[in-house]
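Here is the structure we will look at, set down as structure tokens.
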Amino acid sequence: MAKWLVAYASMTGNTEEIAELIVEGITASGHETDLKSVTDFNAAEVLNYDGFMIGVYTWGDGELPDEFLDFYEELDELDLNGKRAAVFGSGDTSYEQFCGAVDLTAEKLKERGAEVSPEKLKIEYSPLEQEKETCRDFGRRFVTAGAEVS
Ligand SMILES: Cc1cc2nc3c(=O)[nH]c(=O)nc-3n(C[C@H](O)[C@H](O)[C@H](O)COP(=O)(O)O)c2cc1C
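The numbers in the sequence shown follow full-length UniProt numbering, run straight up by one, and end at 150.
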């Protein structure tokens, strides 16, 4: 069975909540996944998985959060060809670059050769009741369908 990883950076818990809902969707479709905080592992561990989903909130002015920087920089050492990936995160639409860190991360993963899903999941703060199913579905579709490669 394919091995999946959901990893996230979250300061106030919103991105973590999205990650947990994504895991629910993956589990409900009969797949197994690990759920980890990016602060707890080295980016090279993603090589142990067939596909991984990375969650990151946005800081500063469309920037990556500090605790995500080690992970992001470690990606520069990796060849991600043949790996599937998707990116999600929480942000605030009152900022000019809504969920800018999601876009930066997707670009970095593409640069390293990953097949990144063109669909990114961007949620304002924590998911509203009606957005929870969207989060579960994002996980479900990632593991059950081939990712469209952009
Ligand atoms: C100082 C600061 C800067 C922020 N900058 C942005 C930004 O540029 N774009 C954005 O979409 N959200 C921005 N946010 C909003 C956070 O990304 C948002 O609160 C998010 O839900 C936090 O996620 P977390 O609960 O996973 O930590 C900023 C928040 C703070 C406090």
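Think of the CB as a built atom: it goes at the ideal place given N, C-alpha and C, for glycine as much as any other residue.
Alpha helix (DSSP H) segment containing residue i, residue limits
i, result
"ASP137", "129 to 144"
"ALA28", "14 to 28"
"LYS110", "100 to 111"
Opening and closing residue of the beta strand (DSSP E) in which residue i lies
i, result
"ALA2", "Counting along the chain, ALA2 falls outside any beta strand (DSSP E), and DSSP gives it neither H nor E."
"GLU124", "121 to 124"
Residue i versus residue j: straight-line alpha-carbon distance, rounded
i, j, result
"SER29", "THR144", "8 Å"
"GLY25", "PRO118", "19 Å"
"TYR57", "LEU80", "22 Å"
"LEU93", "PRO127", "Before going further, note that residue 93 is Thr rather than Leu in the sequence given. Roughly 14 Å between the two C-alpha positions."
"THR12", "ARG141", "27 Å"
"TYR95", "LEU47", "34 Å"
"LEU5", "GLY62", "25 Å"
"GLY139", "GLY82", "19 Å"
"LYS122", "MET1", "29 Å"
"PHE71", "ASP34", "17 Å"
Nearest-angstrom Cβ-Cβ length linking residue i and residue j, presumed shorter than 8 Å
i, j, result
"GLU67", "GLY91", "Not confirmed; about 16 Å, so no contact."
"ALA7", "THR15", "Wrong, their Cβ atoms sit about 10 Å apart, outside the cutoff."
**Item:** 3 or more residues per run - each beta strand (DSSP E) lying fully within the stretch 18 to 90
**Value:** 33 to 37 and 51 to 56, all fully within the stretch 18 to 90.
**Item:** Stretch-stretch touch, CB-based, cutoff 8 Å, three pairs: the stretch 16 to 28 with the stretch 100 to 118
**Value:** no
**Message:** With a threshold of 8 Å, are at least 3 pairs of Cβ atoms found where one atom belongs to the stretch 49 to 67 and the other to the stretch 76 to 95?
**Reply:** With the cut-off at 8 Å, the stretch 49 to 67 and the stretch 76 to 95 touch.
**the stretch 63 to 77 / the stretch 105 to 117 touching (three or more Cβ pairs under 8 Å)** = Because the criterion of three Cβ pairs below 8 Å is met, the stretch 63 to 77 and the stretch 105 to 117 touch.
**Asked** Taking one C-beta from the stretch 37 to 45 and one from the stretch 111 to 126 each time, how about it: are there three or more such pairs within less than 8 Å?
**Response** no
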